[in-house]
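For reference, the structure discussed in these notes is given below.
There are 8 protein chains.
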Amino acid sequence: MKVKIIMGSKSDLEVGKKAVEVLEDLGISYQMTVSSAHRTPERTEKLCEGADVFITIAGLSAALPGVIASHTLKPVIGVPVSGKLNFDSLLSIAQMPPGIPVATVGMDRGDNAALLAAEILAVSDEGIRKKLEGYRKHRREKVYRDAEEVETKYTAGD
Amino acid sequence: MKVKIIMGSKSDLEVGKKAVEVLEDLGISYQMTVSSAHRTPERTEKLCEGADVFITIAGLSAALPGVIASHTLKPVIGVPVSGKLNFDSLLSIAQMPPGIPVATVGMDRGDNAALLAAEILAVSDEGIRKKLEGYRKHRREKVYRDAEEVETKYTAGD
Amino acid sequence: MKVKIIMGSKSDLEVGKKAVEVLEDLGISYQMTVSSAHRTPERTEKLCEGADVFITIAGLSAALPGVIASHTLKPVIGVPVSGKLNFDSLLSIAQMPPGIPVATVGMDRGDNAALLAAEILAVSDEGIRKKLEGYRKHRREKVYRDAEEVETKYTAGD
Amino acid sequence: MKVKIIMGSKSDLEVGKKAVEVLEDLGISYQMTVSSAHRTPERTEKLCEGADVFITIAGLSAALPGVIASHTLKPVIGVPVSGKLNFDSLLSIAQMPPGIPVATVGMDRGDNAALLAAEILAVSDEGIRKKLEGYRKHRREKVYRDAEEVETKYTAGD
Amino acid sequence: MKVKIIMGSKSDLEVGKKAVEVLEDLGISYQMTVSSAHRTPERTEKLCEGADVFITIAGLSAALPGVIASHTLKPVIGVPVSGKLNFDSLLSIAQMPPGIPVATVGMDRGDNAALLAAEILAVSDEGIRKKLEGYRKHRREKVYRDAEEVETKYTAGD
Amino acid sequence: MKVKIIMGSKSDLEVGKKAVEVLEDLGISYQMTVSSAHRTPERTEKLCEGADVFITIAGLSAALPGVIASHTLKPVIGVPVSGKLNFDSLLSIAQMPPGIPVATVGMDRGDNAALLAAEILAVSDEGIRKKLEGYRKHRREKVYRDAEEVETKYTAGD
Amino acid sequence: MKVKIIMGSKSDLEVGKKAVEVLEDLGISYQMTVSSAHRTPERTEKLCEGADVFITIAGLSAALPGVIASHTLKPVIGVPVSGKLNFDSLLSIAQMPPGIPVATVGMDRGDNAALLAAEILAVSDEGIRKKLEGYRKHRREKVYRDAEEVETKYTAGD
Amino acid sequence: MKVKIIMGSKSDLEVGKKAVEVLEDLGISYQMTVSSAHRTPERTEKLCEGADVFITIAGLSAALPGVIASHTLKPVIGVPVSGKLNFDSLLSIAQMPPGIPVATVGMDRGDNAALLAAEILAVSDEGIRKKLEGYRKHRREKVYRDAEEVETKYTAGD
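Chains as they are written, first to last, in the numbering used here: chain A, 12 to 169; chain B, 12 to 169; chain C, 12 to 169; chain D, 12 to 169; chain E, 12 to 169; chain F, 12 to 169; chain G, 12 to 169; chain H, 12 to 169.
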């Protein structure tokens with residue numbers, strides 16, 4: 012399997028689904044599962060194998076990304092999940108100590124985590140890179156269409 | 012041993028020494044050591060035994076307290092170490108998910124961690140409680156002395 | 012009584028009930044009450060006796076945990092209640108001065124406060140420790156069930 | 012005595028001295044002392060009498076202003092003292108619950124606390140008001156002098 | 012008139028009404044009005060007379076309290092109004108420069124602003140002080156009633 | 012055209028419309044469009060011409076204002092759009108490096124961006140300045156009307 | 012005079028000098044002075060004339076930019092000065108209410124304030140625009156030189 | 012070349028050197044250079060080719076990582092550089108919009124950026140993976156040595 016997605020709790024499912032959707036679009040094999048760094052540490056450890064890239068999704072004190080990163084040399088991407096304080100998960104994931112990097116993406120950005128995973132795989136996989144080009148082109152065209160629609164409606168004077 | 016003190020890095024030594032000093036004063040047996048949640052996960056796991064209370068000290072994304080707490084049912088105290096952002100370690104330690112509590116004390120407060128450990132042991136150990144009373148009395152008297160000194164110098168009118 | 016739960020205001024009841032629920036599950040005797048550090052200081056002082064562990068719950072400037080801690084040598088757990096600023100209660104409870112520790116748990120985490128109280132009692136009470144093991148096992152199994160459910164639904168490719 | 016200044020710790024002395032200096036300038040009787048809300052609660056309570064206005068100075072979780080305010084109906088002014096987090100003392104003092112107001116001034120602003128105390132006394136004391144007018148005039152003239160000095164040096168073109 | 016309440020915008024009315032309600036309860040004469048530090052500076056200046064205490068209520072960059080304070084020697088109380096950032100109004104009001112104090116109360120705390128105004132007036136008005144005692148007693152009794160209700164329902168074991 | 016309004020995404024339309032409304036009121040020619048600094052960098056670059064002032068509107072990491080500012084010497088106004096963290100867009104727009112200024116206005120303040128654009132144009136256009144005077148007078152009168160309404164309803168005693 | 016620079020206090024001089032230096036480089040006439048929104052409100056008001064653009068520099072609760080903006084229809088640029096909290100001045104200047112815009116630049120960025128002022132003047136002054144082009148070109152070349160120096164030293168492998 | 016390191020300013024050199032040091036240790040070819048997203052946008056664009064992974068280093072509003080990411084499909088790693096506000100660069104880099112991911116590492120963590128780059132290359136390069144294993148083992152052993160040293164010195168009782 013190319014990508015393993017691990018959520019710290021089933022309550023992070025909406026963020027996880029954003030990652031799944033992008034991987035489906037790009038035709039990249041994946042498995043999504045649940046494991047808590049704190050409630051099931053033994054299970055979390057065992058999940059650190061069998062994939063080229065790991066996407067980890069967690070809120071609050073969000074130890075999951077770091078714990079996965081401490082058990083593998085594969086790239087680990089961390090997605091902070093928003094909550095009452097918001098900053099807690101972002102800082103917990105981004106501020107890793109020297110020696111154990113985690114690739115942090117934006118708050119709730121499961122989609123960007125999947126795109127980053129695809130970019131990492133594309134370093135040595137031309138097929139994925141082609142699909143990424145298509146994906147980006149598609150999003151670019153959406154902006155052009157939006158621009159046309161807005162300009163038509165909101166222009167005055169010369 | 013009553014208390015095990017685990018620092019995430021030797022660079023947290025100043026905070027650890029504050030805990031050691033209080034435990035020495037109260038005559039409570041302890042061992043202080045170093046283990047990184049991220050760099051030596053296998054070692055960290057093995058440390059989760061052989062003490063009644065754990066004091067964990069960590070900065071940055073500070074996963075150590077939570078990792079210890081996930082492997083033991085003994086009370087785990089977490090001391091956030093200050094750094095460039097300050098908030099990162101405090102939030103990483105305090106915002107634990109449901110099911111795995113960590114007893115967070117103030118930023119760099121190794122001393123309060125040791126006092127809290129003593130209070131926990133004193134629930135079933137009258138000797139420690141007596142010593143805690145002495146310790147608190149001592150600090151109280153210091154305030155009275157300071158007050159007298161300040162009042163003498165800074166009073167005007169009637 | 013083993014645990015006394017003190018809320019700063021009746022409006023903190025939802026957080027208090029999370030603590031009650033866990034203590035009921037673990038069969039630990041408790042009493043929950045209301046007392047304001049600021050509106051009923053004389054009452055607050057009198058509550059500082061008759062329990063092995065205190066759970067204090069407060070929002071805003073949240074002086075209650077510290078005031079209780081200043082009148083007892085029993086372990087005091089503080090639960091910050093979320094509000095408009097969120098940070099205010101967390102910082103007011105966590106940042107205690109040297110000499111008077113409060114064991115701070117996460118925002119609105121009445122459940123973790125009760126588990127921490129149980130862990131403290133379990134240092135000298137084998138019965139509670141056994142129940143804590145059961146409780147933790149139960150939560151662990153929930154993660155495994157969630158994992159199975161998610162994996163079945165969200166796996167693609169090989 | 013008109014004003015009682017209470018610092019939570021002797022380490023807040025630099026902030027306290029700013030208040031003393033202003034009260035001396037305005038000829039208002041005062042006494043400055045030390046009492047910790049947490050280390051000497053019994054002493055703190057007893058200090059809540061014998062003055063028309065209270066100035067309280069504290070850092071960290073800063074319960075002192077609120078504790079004083081809970082025991083008196085005289086106006087209580089709170090001065091947050093800066094530290095590693097800064098926000099902690101400001102929020103702890105400002106975010107009082109309904110019913111018990113504290114008049115918060117800026118971080119480390121012992122001087123403004125004394126001026127506010129003077130303004131409060133001046134509501135019914137014409138003599139203090141006159142002195143306040145002089146004090147403000149004096150500071151205003153300082154700005155004019157600074158302005159002249161800067162304009163002379165930093166002007167170019169027409 | 013004893014108290015003048017100035018809101019920076021009619022949209023702050025809910026906070027203003029909390030102040031009005033308390034002043035009505037205490038029988039203190041007042042007038043509430045609207046004036047923007049930025050949109051009607053000339054009007055704001057003229058309002059700085061004819062009262063013993065000023066309550067100012069403002070959100071966002073909240074210059075109103077400081078502008079009033081710069082034109083009077085009467086005590087000025089500032090109430091920060093919550094919004095998207097929350098911190099903006101609190102900091103804008105609390106962090107006044109040396110020489111011009113504003114008595115900041117908690118976020119949206121119109122009620123505490125009125126109580127603080129009453130405490131200030133009570134320094135030289137025994138009648139108001141008596142009423143404040145009644146008010147505080149009333150609130151204290153409410154806590155006792157809440158406590159009884161909660162204790163009855165949430166007690167288990169012995 | 013006098014003013015070009017560029018939104019980073021069509022989802023910023025509500026903020027953009029506030030700018031459009033003000034420019035319509037003041038009779039200033041404009042065009043509003045959409046271009047993403049990140050998704051359509053080539054398009055963004057091409058938009059940096061053909062106007063006297065640029066209004067840029069963006070949320071999250073909000074690179075758009077800076078990118079526009081790096082390609083033109085015309086004044087660039089940046090409007091941060093609120094989101095889950097709020098601070099992200101404000102800091103991304105305000106904290107520009109030396110050499111490339113962006114004129115940041117308040118969170119979601121499309122209206123103030125348009126007024127600032129008008130003030131900039133009015134430096135050399137007497138007609139716009141006259142209209143700005145009318146606009147400001149209109150808003151001032153609204154405050155006076157609100158004041159009258161509030162005073163009538165909320166005054167007690169003398 | 013083209014640009015008037017107003018500092019809230021002489022202690023902001025280092026930031027003011029950065030603006031002066033840029034205006035000197037660009038040959039734009041200016042005058043720098045000091046006036047406090049709070050200590051010399053009457054003086055501040057009088058300064059709101061006689062220039063095409065205003066640069067205002069202030070720390071803490073930083074009301075100066077908004078007060079100037081409330082008395083003129085000329086563009087007002089605000090420079091937040093850093094201090095103990097940092098956020099206070101940035102938020103106080105940026106979060107202006109609807110109707111009264113202030114063009115906020117980055118923390119301590121007197122230089123960018125001057126460049127923004129020059130861009131505003133350059134809308135109708137070709138001479139200033141030419142100089143701005145030179146200035147920007149100069150800074151661009153500095154980056155190229157730095158790049159060359161770094162590349163030479165820090166390249167390895169092929 | 013495997014890795015291109017781009018700093019937004021030569022003043023970020025200390026952070027850049029941490030990345031260089033790690034890449035040297037791992038024998039990975041690299042080139043480090045300087046280019047500003049805002050001062051040399053045309054140069055920045057041209058740098059988006061000729062490497063498998065990009066490491067971008069920037070402070071303040073930190074647009075550089077996002078601009079590079081918008082011009083390439085290779086993985087882009089962003090290193091926030093600390094400054095007066097600290098949060099500004101972290102949020103500017105982490106909070107990328109959907110479609111354009113940046114792999115954010117901790118504040119000033121040039122070393123972790125290089126390790127993440129190595130992990131990405133190691134997905135398809137067994138040689139680098141072997142070296143990463145050695146590197147991690149080396150750091151792990153350091154913790155064990157520190158632990159031994161600390162334990163020897165700080166143990167008391169049994």
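Where a beta carbon is used, it is the ideal one built from N, C-alpha and C, also for glycine.
Residues near residue i by beta carbon distance below 7 Å, same chain, minus five either side
i	result
Asn123 (chain D)	Val116 and Gly117
Asp136 (chain F)	none
Val33 (chain F)	Asp122, Ala125 and Leu126
Met12 (chain C)	Ser40, Tyr41, Gln42, Gly61 and Ala62
Chain G within 7 Å of residue i, Cβ atoms only
i	result
Asn123 (chain F)	yes
Ala73 (chain F)	no
Tyr146 (chain D)	no
Residue i at chain H interface by Cβ criterion, 7 Å
i	result
Glu130 (chain A)	yes
Asp23 (chain G)	no
Per-residue contacts from residue i into chain A (C-beta, under 8 Å)
i	result
Pro76 (chain H)	Neighbours of Pro76 (chain H) on chain A: none; closest Cβ ~12 Å, over 8 Å.
Neighbour-count burial assignment, residue i, 16 or more Cβ in a 10 Å radius
i	result
Arg120 (chain E)	buried
His149 (chain A)	exposed
Asp63 (chain H)	buried
Arg156 (chain F)	exposed
Glu2 (chain B)	As displayed, chain B neither begins before 12 nor continues past 169, which places residue 2 (chain B) out of reach and without an answer.
Lys57 (chain G)	exposed
Lys164 (chain F)	exposed
Gly168 (chain C)	exposed
Gly145 (chain A)	exposed
Gly19 (chain D)	buried
Short CB-CB distance (under 7 Å) between residue i and chain F
i	result
Arg150 (chain G)	yes
Chain C contact for residue i (CB, 7 Å cutoff)
i	result
Pro108 (chain D)	yes
Ser81 (chain A)	no
Under 7 Å by beta carbon: chain C residues contacting residue i
i	result
Val161 (chain E)	Lys21, Met43, Thr44 and Val45
Test: residue i CB closer than 7 Å to a CB of chain D
i	result
Leu84 (chain C)	no
Val154 (chain B)	yes
Leu58 (chain E)	no
Contact list for residue i against chain H, beta-carbon separation under 8 Å
i	result
Val116 (chain A)	Ala105, Met107, Pro112, Val113, Ala114 and Thr115
Where residue i meets chain B, residues with beta-carbon distance less than 8 Å
i	result
Leu102 (chain A)	Ser72, Leu96, Phe98, Asp99, Leu102 and Ser103
Below-7 Å beta-carbon distance, residue i vs any chain A residue
i	result
Arg50 (chain F)	yes
Cut-off 6 Å between Cβ atoms - residues of its own chain near residue i, not counting five sequence neighbours on either side
i	result
Arg54 (chain C)	Ser46
Glu160 (chain A)	none
Chain H contact residues for residue i, given Cβ-Cβ distances below 9 Å
i	result
Glu35 (chain B)	Ala167
Cβ distance (whole Å) where residue i is taken to contact residue j below 8 Å
i	j	result
Ser72 (chain D)	Leu102 (chain C)	7 Å
Arg50 (chain B)	Leu84 (chain C)	No, Arg50 (chain B) and Leu84 (chain C) are not in contact; Cβ-Cβ is about 37 Å, not under 8 Å.
Ile17 (chain D)	Ile104 (chain D)	With a Cβ gap of about 13 Å, Ile17 (chain D) and Ile104 (chain D) do not count as contacting.
Ser100 (chain D)	Gly138 (chain D)	Incorrect: roughly 34 Å between the Cβ atoms, too far for contact.
Ile88 (chain G)	Ile66 (chain G)	5 Å
Within chain A, partners of residue i - CB distance below 7 Å
i	result
Ser135 (chain H)	Val134 and Ser135
Neighbour list for residue i in chain E, Cβ cutoff strictly below 7 Å
i	result
Ala158 (chain F)	Thr44, Val45 and Ser46
Proximal residues of chain D, C-beta to C-beta of residue i below 9 Å
i	result
Val31 (chain G)	Tyr165 and Ala167
Interface residues of chain F facing residue i [CB-CB closer than 7 Å]
i	result
Asp119 (chain G)	Within 7 Å Cβ-Cβ: nothing; Asp119 (chain G) doesn't reach chain F, min ~10 Å.
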